[in-house]
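**Student:** Below is a structure I'd like to ask you about.
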């Protein structure tokens with residue numbers, strides 16, 4: 001088994017707001033292995049972004065984070081902001097959803113990469129500039145030399161996302177977190193960006209966490225998948241197993257609700273995601289689950305191995321076999 | 327929602343209370359003031375008394391009670407502020423709404439004029455326009471004498487509408503593109519109807535804010551004029567806060583501090599309170615916040 | 620870029636002509652130059668009056684008169700003041716130098732502290748420091764300059780002298796009476812109070828501007844990107860935040876020019892500081908047309924220049940504008 005880059009154990013994040021506490025992440029357990037591409041799926045509000053923002057230390061001061069995040073054997077929770085800064089951008093970096101606003105409009109693209117390089121490596125300006133051009137080339141930007149002296153507004157959305165990726169991988173991080181990197185882009189551009197991420201992962205051996213709500217994106221590139229619901233991960237496993245025989249009713253619902261050619265009706269999951277200020281007791285999904293029993297109200301189900309998946313469902317073994325209804 | 331946000335603004339609530347008390351004090355001036363505007367505290371008049379029991383805030387050069395004069399002065403100033411703000415907001419909203427909605431030449435010319443006036447130092451424009459208004463004979467029946475309260479009110483109305491027009495125009499320009507206006511236009515609503523039924527009601531927030539700021543503008547503006555000797559003639563029912571602040575200038579070198587400090591303080595309190603209220607109104611009626619929360 | 624500047628300059632000229640024409644008309648109606656002349660010089664002969672009308676371009680026809688005036692103004696054939704028949708240029712030149720000194724000092728002090736306060740306030744919005752700075756700025760905006768001038772004068776000159784024997788800052792003029800030559804320390808001492816009066820206004824406005832604009836910027840995505848790079852918070856704020864936050868401020872700076880000059884006029888008047896403001900108030904009070912017109916020309920020209928500079932720095936700060 002490959003070495004584990006990132007280990008998250010019982011991570012909890014709570015936000016204090018004027019209206020009360022929001023329990024955004026309520027005990028997440030998750031591993032990222034070396035050089036793998038892990039997909040993290042969930043609806044908006046399921047805590048998938050917050051989990052990784054907490055891991056990289058970019059949450060606002062209103063957030064209270066407990067639990068453990070170990071990166072390459074080093075505990076990150078409880079580190080001082082200064083210590084976290086030397087981790088961020090060097091061992092672990094992150095790219096965000098909207099490439100149009102992720103780049104600083106007043107600085108040249110090359111300079112923004114150089115800044116990332118020079119803040120973690122001892123490079124002369126010349127070396128850094130050369131490296132920046134190489135990076136732009138790596139993420140597939142044509143004429144990287146000229147482009148590096150241009151401003152973000154001179155790039156298209158897809159090209160900007162490539163620049164953002166170039167910044168993120170500048171210091172060959174061990175872990176790259178991509179938070180919905182393709183959501184804001186056209187479908188054709190989405191495929192290209194996924195391609196770039198996949199290539200980067202293979203070329204520099206970075207582990208990638210791809211956060212998305214789009215199962216189609218995950219299916220295309222991920223090695224393993226982690227499904228999150230209401231601040232907890234409820235199922236994880238290899239992409240093949242998860243798409244072939246999902247155990248958790250929520251994962252099943254997700255897969256069933258993907259539109260497919262030849263299927264004339266969508267099967268949506270009934271109900272609405274829970275209010276994270278007062279999450280339901282026991283299994284958070286029980287209010288929407290067709291298999292819910294009285295016991296589901298009592299215990300919060302833990303991840304348990306079943307059918308080469310890890311599933312957090314008390315009734316996982318009793319459920320009928322899954323078949324996408326045609 | 328808007329009301330709740332306004333109330334959560336502590337400074338604004340305190341300001342409302344202060345202004346409310348001031349208004350009461352001023353409305354019932356004959357009872358709340360201890361002496362008449364031009365009445366001396368003692369007979370024979372005793373000038374430059376320091377603050378004491380029979381003259382809370384001291385007396386001026388000819389022995390008149392400063393406290394009573396302040397009460398009457400604030401009354402005149404509030405009338406000046408409110409009336410000229412009402413006039414300028416009415417004109418400004420109409421001009422701004424039409425300019426923003428129609429665009430084109432009218433808009434261009436209006437904005438050029440306001441640009442010109444806003445770029446100039448306020449005091450310079452104020453003095454010149456004041457003199458020009460006073461020098462045109464056929465305006466005199468409308469404006470009255472140059473040192474009358476009516477003249478001052480009209481003068482500040484002329485200045486006030488421009489700022490309001492700009493704000494309303496900006497609001498209308500952004501509203502114009504909204505779907506519900508397009509929808510109204512699509513079903514054949516007339517321009518006048520759209521302005522009256524959709525644009526102006528939805529601009530109420532910015533208009534209210536502009537109203538508060540023009541009140542401050544007129545009150546401090548009147549004081550500025552008075553300070554430089556171009557204000558209204560002091561007298562029964564016309565002694566304004568500006569006159570009292572203007573008199574402060576002479577009291578400084580001689581060290582009669584109460585004559586300088588109290589009128590100035592009163593002016594600052596009024597300006598600050600109205601500004602706080604305006605700021606809170608702006609926060610409270612900002613529809614962008616509504617969408618955020 | 621150069622073409623843009625040239626185009627702006629080409630526009631400035633007609634604007635200048637139109638505005639000075641308007642000012643000319645307004646001054647003629649508002650101050651009635653011929654009457655003022657007669658008032659100041661009661662025993663003047665009709666020939667002298669005619670000469671005065673000719674050189675000032677005070678023909679009954681405003682358009683002809685304006686061009687007459689413009690011709691004389693451009694050829695350096697400036698009329699003398701109506702009071703004391705002084706030459707205008709030397710007086711104007713001195714006033715300009717004094718005001719420039721005061722204005723620059725106040726602007727530098729004001730913008731510097733304003734930006735610092737704005738930055739401090741926006742670091743923790745809603746915190747105690749933010750509330751303190753914001754309230755302070757609000758008070759600063761609500762105090763008209765003549766009131767802060769009166770109170771400062773009362774405190775530092777009159778009462779300071781009473782309490783401590785000598786006043787901390789002098790309250791009038793540029794130098795003490797009878798002083799000749801240049802003395803930097805003395806000059807700064809005399810400038811202190813008038814500078815503070817104008818600077819208070821600037822500090823109050825700019826701290827509010829910067830706070831609002833920084834808060835906008837701090838919530839933007841590229842700030843998060845910058846933080847995710849692991850660079851120091853200070854670098855994030857100054858390198859990424861300030862630069863973007865300054866862009867909208869530059870545009871309002873041009874509009875503020877008028878209010879700064881307004882503050883200068885008031886401040887100069889109270890502290891008897893012989894600058895453009897005192898010059899204006901005196902000559903306006905006298906209806907001194909020969910003194911007033913060149914003053915107006917300079918003010919209009921400075922407004923135009925200021926706007927141009929603001930636009931250029933806007934383009935310099937924001938690469939998105941530069942291309943057009």
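Residue numbers (the numbering used here), protein chains in the order written: chain A, 1 to 326; chain B, 327 to 619; chain C, 620 to 943. The beta-carbon is built from N, C-alpha and C at its ideal position, and this holds for glycine as well.
1) According to DSSP, what are the bridge partners of residue 33(A)?
2) Using a cut-off of 8 Å between C-beta atoms, extract the partners of residue 125(A) located in chain C.
3) Residues in the same chain with beta-carbon distance under 7 Å from residue 441(B), minus the five sequence neighbours each way, listed in chain order, please.
4) Going by alpha carbons, who is nearest to residue 25(A) out of 47(A), 38(A), 34(A)?
5) Report, in whole angstroms, the separation of the C-beta atoms of residue 423(B) and residue 521(B), which I expect to be a contact under 8 Å.
6) Check for me: the beta strand (DSSP E) holding residue 127(A) runs from which residue to which?
7) Touch check for the stretch 186-200 of chain A and the stretch 104-116 of chain A: three-plus C-beta pairs under 8 Å?
8) Does the CB of residue 747(C) have a neighbour CB from chain B at under 8 Å?
9) To which residues does DSSP link residue 233(A) through a beta bridge?
10) If you draw a straight line from the alpha carbon of residue 598(B) to that of residue 687(C), how long is it in whole angstroms?
11) Using the beta-carbon of each residue, which ones in chain C are nearer than 7 Å to residue 116(A)?
12) Looking only at its own chain, which residues have a Cβ that is under 7 Å from the Cβ of residue 473(B), when we skip the five neighbours before and after it?
13) How would you label residue 240(A), buried or exposed, when you count the other beta carbons within 10 angstroms and need 16 or more for buried?
14) Taking residue 306(A) as part of the beta strand (DSSP E), name the residues at either end of that continuous run.
15) Output yes or no for whether 8 Å exceeds the beta carbon distance between residue 4(A) and residue 29(A).
16) Apply the 10 Å Cβ neighbour rule to residue 601(B) and answer buried if 16 or more other Cβ atoms are within range, or exposed otherwise.
17) Can you list the residues of chain C that residue 58(A) reaches, using a CB-CB cut of under 7 Å?
18) Can you tell me which of 691(C), 653(C), 661(C), 892(C) puts its alpha carbon nearest to the alpha carbon of residue 768(C)?
19) Between the C-alpha atoms of residue 817(C) and residue 876(C), what's the straight-line distance to the nearest angstrom?
20) Residue 436(B): which of 450(B), 420(B), 384(B), 339(B) sits nearest, CA to CA?
21) In terms of alpha-carbon separation, which member of 225(A), 205(A), 22(A), 231(A) lies closest to residue 283(A)?
22) Beta-carbon of residue 903(C) versus every beta-carbon of chain B: anything under 8 Å?
23) Is the stretch 116-129 of chain A touching the stretch 177-184 of chain A, taking contact as three or more C-beta pairs under 8 Å?
24) For chain C, is any of its Cβ atoms less than 8 Å away from the one on residue 342(B)?
25) Could you check what DSSP says for residue 75(A) in three-state terms: helix, strand or coil?
26) Would you please state the rounded distance, in angstroms, between the beta carbons of residue 331(B) and residue 536(B)? I believe it to be under 8 Å.
27) Tell me the DSSP bridge mates of residue 481(B)?
28) Are there 16 or more other CB atoms within 10 angstroms of the CB of residue 695(C), so buried, or fewer, so exposed?
29) I'd like the list of long-range same chain contacts for residue 873(C), defined as Cβ closer than 6 Å, with 5 residues on each side in sequence excluded.
30) Would you say residue 277(A) and residue 21(A) are within 8 Å of each other, going by their C-beta atoms?
31) In angstroms, rounded to a whole number, what distance separates the CA positions of residue 73(A) and residue 82(A)?
32) By a C-beta neighbour count over all protein chains shown, 10 Å radius and 16 as the cutoff for buried, is residue 933(C) buried or exposed?
33) Under 8 Å between the Cβ atoms of residue 207(A) and residue 243(A)?
34) Quick check on residue 19(A) - is its C-beta less than 8 Å from some C-beta in chain C?
35) Report back the beta-carbon spacing between residue 400(B) and residue 481(B) to the nearest angstrom; my notes put them in contact at under 8 Å.
36) Under 8 Å, with one C-beta from each stretch per pair, do the stretch 737-744 of chain C and the stretch 833-841 of chain C reach the 3-pair mark?
**Tutor:** Reading it off the structure:
1) Per DSSP, 4(A).
2) Identification of chain C residues near residue 125(A) by a Cβ-Cβ cut-off of 8 Å yields none; the smallest Cβ-Cβ distance measures about 15 Å.
3) The beta carbon of residue 441(B) lies closer than 7 Å to none in the same chain, with the five residues before and after it left out.
4) That would be 47(A), whose Cα lies nearest to the Cα of residue 25(A).
5) Rounded, the Cβ-Cβ distance is 5 Å, consistent with contact.
6) Run containing residue 127(A): none in the beta strand (DSSP E); it sits in the alpha helix (DSSP H), 125-138.
7) No, they do not touch.
8) False, the Cβ-Cβ gap to chain B never drops below 8 Å.
9) 228(A).
10) Rounded to whole angstroms, residue 598(B) to residue 687(C) spans 49 Å at the Cα level.
11) Here the neighbours are 848.
12) Closer than 7 Å at Cβ, skipping near neighbours: 558, 559.
13) Burial call: exposed.
14) Here the beta strand (DSSP E) through residue 306(A) covers 304-306.
15) The answer is no: Cβ separation not under 8 Å.
16) Classification for residue 601(B): buried.
17) Under the 7 Å cutoff, chain C gives 843, 846, 847.
18) Minimum Cα distance to residue 768(C) is reached at 892(C).
19) Distance between the alpha carbons of residue 817(C) and residue 876(C) is about 12 Å.
20) Nearest Cα to residue 436(B) within the set 450(B), 420(B), 384(B), 339(B): 420(B).
21) Considering only alpha carbons, the answer is 231(A).
22) So yes, residue 903(C) belongs to the interface.
23) Short answer: they don't touch.
24) Not closer than 8 Å to any Cβ of chain C, the Cβ of residue 342(B) fails to qualify, so no.
25) Three-state result, residue 75(A): strand.
26) Their Cβ separation, rounded to whole angstroms, is 19 Å, which puts residue 331(B) and residue 536(B) out of contact at 8 Å.
27) Note: residue 481(B) sits in no beta bridge, so no partner.
28) When all chains shown are included, residue 695(C) counts as exposed.
29) Hits under 6 Å: 925, 926, 929.
30) Taking 8 Å as the Cβ cut-off, residue 277(A) and residue 21(A) qualify as a contacting pair.
31) As the crow flies, the alpha-carbon of residue 73(A) is around 19 Å from that of residue 82(A).
32) A residue is called buried once 16 or more other Cβ atoms fall within 10 Å of its Cβ, and residue 933(C) is buried on that count.
33) Result no, Cβ atoms of residue 207(A) and residue 243(A) do not sit closer than 8 Å.
34) At a cut-off of 8 Å between C-beta atoms, residue 19(A) does not count as an interface residue with respect to chain C.
35) About 20 Å separates the two Cβ atoms, so there is no contact after all.
36) They touch, by the three-pair rule.
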